[in-house]
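In what follows, a structure is listed as structure tokens, so that the remarks can point back to it.
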């Protein structure tokens with residue numbers, strides 16, 4: 084019997100779980116990611132469209148996360 088689900092290629096997946104994001108980008112510890120996700124409404128991460136919640140599962144849109152980071156919002160430089 085063959086598997087009908089294609090293998091998930093982390094390099095091309097636009098949304099990653101917190102754990103997969105951390106594995107792909109180890110410069111961002113899981114605790115730091117969870118902190119940013121917890122405060123997503125006030126730090127601009129939600130407005131950037133970087134977080135998607137599906138029930139209890141939290142997914143990070145990689146391109147939007149890095150756009151948010153580069154905008155300076157993570158350091159409190161952008162409104």
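In our numbering, the protein residues as written are 84 to 162. All C-beta atoms in this analysis are idealised placements derived from N, C-alpha and C, irrespective of residue type, glycine included. Remember, predicted model here, so these are calculated numbers, not experimental data.
key: Where the beta strand (DSSP E) through residue 103 begins and ends   = It is not in any beta strand (DSSP E) - residue 103 instead sits in the alpha helix (DSSP H) that spans 101–107.
query = So the beta strand (DSSP E) residue 152 belongs to, where does it begin and stop?
reply = From DSSP, residue 152 is part of no beta strand (DSSP E) but of the alpha helix (DSSP H) over 145–153.
query = Helix, strand or coil for residue 142 per DSSP?
reply = strand
Residue(s) in a DSSP beta bridge with residue 98 = 144
inquiry  = Using a 10 Å radius around the Cβ and a threshold of 16 neighbouring Cβ atoms, would you call residue 131 buried or exposed?
reply    = buried
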